[in-house]
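Heads up, the thing below is written out as structure tokens.
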Amino acid sequence: MDKKFRAFFAIDLPKELKQEMVNVIKLLQKKNPGKNIVWTKPENLHITLKFLGNVLPLQCEQFLPAVEDTISQIQKFTLKLEKISLFPSKRSPRVIALLPSPMERLVALACKIEEQVVRYGLQAETRAFKPHLTLARIKQKGKNEFNDIAMPPLNFEVERLTLFRSEITHTGSRYEILQHISLK
Ligand code: 2AM
14 MDKKFRAFFA IDLPKELKQE MVNVIKLLQK KNPGKNIVWT KPENLHITLK
64 FLGNVLPLQC EQFLPAVEDT ISQIQKFTLK LEKISLFPSK RSPRVIALLP
114 SPMERLVALA CKIEEQVVRY GLQAETRAFK PHLTLARIKQ KGKNEFNDIA
164 MPPLNFEVER LTLFRSEITH TGSRYEILQH ISLK
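Here the sequence shown is numbered in my numbering, starting from 14 and rising by one per residue.
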């Protein structure tokens with residue numbers, strides 16, 4: 014039997030948008046120097062829809078056609094990235110993220126994916142799904158002052174989803190594209 018690997022479904026960002034995000038990250042870095050912040054590498058910027066955990070290649074072969082069937086019936090849509098949010102709290106943030114809207118569209122996509130993958134033995138998520146784009150992780154515990162920036166709303170057309178394979182290396186996560194799935 015082939016070895017399991019870590020995988021997740023996400024919305025990858027178009028190249029031009031990644032460049033815009035690099036500018037946003039640079040502004041944030043300037044306002045928030047030091048503080049043990051690990052910024053997301055531009056190539057890793059994405060919005061997770063469903064984290065699958067460890068999957069077998071055979072499971073992927075089984076759920077992929079089912080996910081493709083469902084997703085290909087969903088219309089493309091415009092996503093707006095406009096609000097910077099701090100998780101789990103403003104006082105003691107550990108993650109700096111951008112909130113996409115309309116969230117309902119992403120929640121609907123995540124539900125559709127989950128409906129299919131659980132049929133092939135994968136776990137349903139027990140926590141509420143909160144779509145976000147991780148810009149950075151703050152490694153420092155406790156109270157952290159965060160300086161926000163004004164950013165222009167960034168829009169992009171969601172035309173496809175991507176199944177990624179994720180590898181954790183000593184220099185951080187490395188994501189490999191396994192499959193794109195187009196929306197209608
Ligand atoms: P994050 O953006 O909040 O880190 C790949 O690890 C992607 O899957 C990341 O974007 C991560 O979200 C998301 N993810 C969701 N649940 C996860 C989990 N239990 N472990 C690791 N990553 C998870």
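Don't be surprised by glycine CBs; every beta carbon is placed ideally from N, CA and C.
With 16 other CB atoms within 10 Å as the buried threshold, where does residue 144 fall?
Buried is the call here.
Going by C-alpha to C-alpha distance, which of 31, 91, 173 and 115 sits closest to residue 197?
Taking each of 31, 91, 173 and 115 in turn and checking the Cα distance to residue 197, the smallest one comes out for 173.
Please confirm whether any heavy atom of the ligand 2AM lies closer than 7 Å to the CB of residue 21.
At least one heavy atom of the ligand 2AM is nearer than 7 Å to the Cβ of residue 21, so yes.
Measure the C-alpha to C-alpha separation of residue 159 and residue 194 and round it to an integer number of angstroms.
Counting only the Cα atoms, residue 194 lies some 37 Å from residue 159.
Candidates 69, 25 and 26: closest to residue 15 by CA position
From the listed residues 69, 25 and 26, the smallest Cα separation to residue 15 is found for 69.
Go ahead and pull the three-state DSSP assignment for residue 172.
Assigned with DSSP and collapsed to three states, residue 172 falls in coil, not helix or strand.
Where DSSP assigns a beta bridge to residue 192, which residues make up the other side?
For residue 192, which the question treats as bridged, DSSP gives the partners 176.
Below 8 Å on the Cβ atoms is my contact criterion, and I expect residue 91 with residue 168 to pass it. Report the Cβ-Cβ distance as a whole number of Å.
With a Cβ gap of about 6 Å, residue 91 and residue 168 count as contacting.
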